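Q:
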Amino acid sequence: MSATALQASPPQAAPTSPVIQELALSAMQAQRIASMVEGVLSECPGQVEPRYLNRIEALSKDFLADIPALLWSRKRPFVVTGLPVFDNIEKSKILALLLGETIGKCAAYSEYNQSYITDIRPTKFSKELSSGTELLDMHNDLTFATDKCRPRALVLVAHIASGDVPKTLLAPADLILAELTPEDAQVLAEPVYEIRSGSKLRWPSEQVRRISIIERENEHVLIRLSFTNISARAGLPHDSAAKAMSALSRLAETALELGRHYGHVIRRGEALFIPNDYCLHGRDAYESDNYERLLLRSYVVTPDVVKANHGNTMISLRT
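Residue numbers (the numbering used here): 105 to 423.
(1) How long is the line joining the alpha carbons of Ala282 and Leu246, rounded to whole angstroms?
(2) Please report how far the alpha carbon of Gly84 lies from the alpha carbon of Arg328, in whole angstroms.
(3) Please go through the same chain and pick out, in chain order, the residues whose beta-carbon is closer than 7 Å to the beta-carbon of Ala134, but skip the five residues on each side of it.
(4) For Pro115, which residues in the same chain have their Cβ closer than 8 Å to its Cβ, ignoring the five residues on either side in sequence?
(5) Need the endpoints of the alpha helix (DSSP H) that Arg155 sits in, please.
(6) What is the residue span of the beta strand (DSSP E) that Asp408 lies within?
(7) Taking just the CA atoms, how far does Ala345 sit from Ser353?
(8) Helix, strand or coil, according to DSSP, for Ser106 in the structure here?
(9) Hey, does Asp191 have any beta-carbon neighbour from chain B nearer than 8 Å?
(10) Could you tell me which residues DSSP pairs with Leu258 in its beta bridges?
(11) Shortest alpha-carbon distance to Asp408 belongs to which of Thr417, Asn394 and Ser316?
(12) Pick out the complete beta strand (DSSP E) segments inside the region 278-329, 3 residues or longer, and give them in chain order.
(13) Taking 7 Å as the limit between beta carbons, can you name the residues of its chain near Thr358, skipping five residues before and five after?
(14) Does any heavy atom of the ligand MN sit closer than 7 Å to the C-beta of Arg225?
(15) Whole angstroms are fine: how far does the CA of Leu201 sit from the CA of Phe377?
(16) Starting from Ala211, follow the beta strand (DSSP E) in both directions and report where the run begins and ends.
(17) Grouping DSSP H, G and I as helix and E and B as strand, with all else coil, what is Val123?
(18) Taking only the alpha-carbon atoms, compute the straight-line gap between Arg364 and Leu421 and give it to the nearest angstrom.
(19) Do the region 191-210 and the region 254-262 meet, that is, are 3 or more Cβ pairs less than 8 Å apart?
(20) State whether the region 331-348 contacts the region 167-184, with contact taken as three or more CB pairs (one from each stretch) at a distance under 8 Å.
(21) Could you give the distance in angstroms between the alpha-carbon of Cys210 and the alpha-carbon of Pro379?
(22) Relative to the C-alpha of Ile264, which residue among Arg306, His414 and Glu194 is closest?
(23) Is Asn322 buried or exposed, if buried means 16 or more other CB atoms sit within 10 Å of its CB?
(24) Find out if the Cβ-Cβ distance for the pair Leu355, Asp278 is shorter than 8 Å.
(25) Tell me, which residues are paired with His243 by DSSP?
(26) Among residues of its own chain, excluding the 5 on either side of Thr120, which ones have a beta-carbon nearer than 7 Å to its beta-carbon?
(27) Compare the beta carbon distance of Tyr382 and Ile124 with 8 Å and say whether it is the shorter of the two.
(28) If we count the other Cβ atoms within 10 Å of its Cβ and call it buried at 16 or more, is His243 buried or exposed?
(29) Using a 10 Å radius around the Cβ and a threshold of 16 neighbouring Cβ atoms, would you call Thr250 buried or exposed?
(30) Could you tell me if Ala389 is buried or exposed, where buried requires 16 or more neighbouring beta carbons within 10 angstroms of its beta carbon?
Laid out in structure tokens, this is it:
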């Protein structure tokens, strides 16, 4: 890919529509969703996620067609409000899977979570960075994975959210690019970086893949950012490596600034949809002990990814 096509554009006037849009469901839509969730749970007494998905797949979700239309046309995060609220966590899981299935196919990863739902909450019993209380830096999820398996989108549903709940930080890729200098944008578009993976997964050896940080997909911008596993490519001259890492650092700082500006506190009755490659996300630090928070996350891939994996939605990240 030519880096010259990725010059940072000058700052533009604020759009007439908000950056993070809200899609409010009607009472009729909410009631229909509640009935579907209740039905799936009653028909899957074993409470197994693949069973939930098999049943959800058979249900008509055409009445929620505005959700995929909004996500894939704008490729920006948005919030769905007016959702039914459940005290039973299994019902909230089904809700998260149902919403995920409106935009693609819910996936699980055999070397990562081995589950179609991940619970995100502050806890000392998990090694996931999202389970802490400090600032969670801006990133994409599973950045190291290839296009053949990486989640295309995330759906976050709040099962519990009360008190001083922190923002989920959101920075659309096109807005990040608009804030970068042309020089940084050009460096970040070159394949002068490498990303390492496998050290925390059930892999026999670590893998290293060469990447660029910024890419174009027609009129849309893609940005890939991870935590500490992206570095300048091995063998790059010292000056070029320093330039590459400085540009990456400035991108991360810009993403955090925008993320705090556009971030959203997810509350019960809401779901946040994040297009993974087109928007970096993170989480602000917990500022007090006055909170209760439990989010449920579903990863979503495209039907083409499922087809390439022979119909399987339990996918290997080594694909």
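Cβ coordinates follow ideal geometry from the N, Cα and C atoms, glycine included. Computed from a predicted model, the values in this text were never measured in an experiment.
A: Quick answer:
(1) 24 Å
(2) It is not possible to answer for residue 84, since the shown part of the chain is limited to 105 through 423.
(3) Gly186, Leu187 and Pro188
(4) Residue placement at Pro115 cannot be trusted, given a pLDDT of 36 that sits under 50; the coordinates are not used to answer.
(5) Glu153 to Glu161
(6) Note, Asp408: premise wrong, no beta strand (DSSP E); alpha helix (DSSP H) at Pro407 to Ala412.
(7) 12 Å
(8) The predicted position of Ser106 is uncertain, since its pLDDT is 38 and thus under 50; a value taken from the coordinates is nonetheless stated next. DSSP places Ser106 in coil when its eight states are reduced to three.
(9) Of the protein chains in the structure, only one exists, and it is not chain B.
(10) Ile378 and Tyr403
(11) Thr417
(12) 297-301, 311-315, 318-321 and 324-327
(13) Ile280, Glu283 and Leu284
(14) With respect to small molecules bound, the structure shown includes none, and the ligand MN cannot be examined in it.
(15) 12 Å
(16) Lys209 to Tyr213
(17) coil
(18) 30 Å
(19) yes
(20) no
(21) 14 Å
(22) Glu194
(23) exposed
(24) no
(25) His385
(26) Reliability of the predicted coordinates at Thr120 is poor, the pLDDT of 38 falling under 50, and the value obtained from them is presented with this limitation in mind. If we look at Thr120 and ignore the five residues flanking it on each side, it has no Cβ neighbours.
(27) no
(28) buried
(29) exposed
(30) exposed
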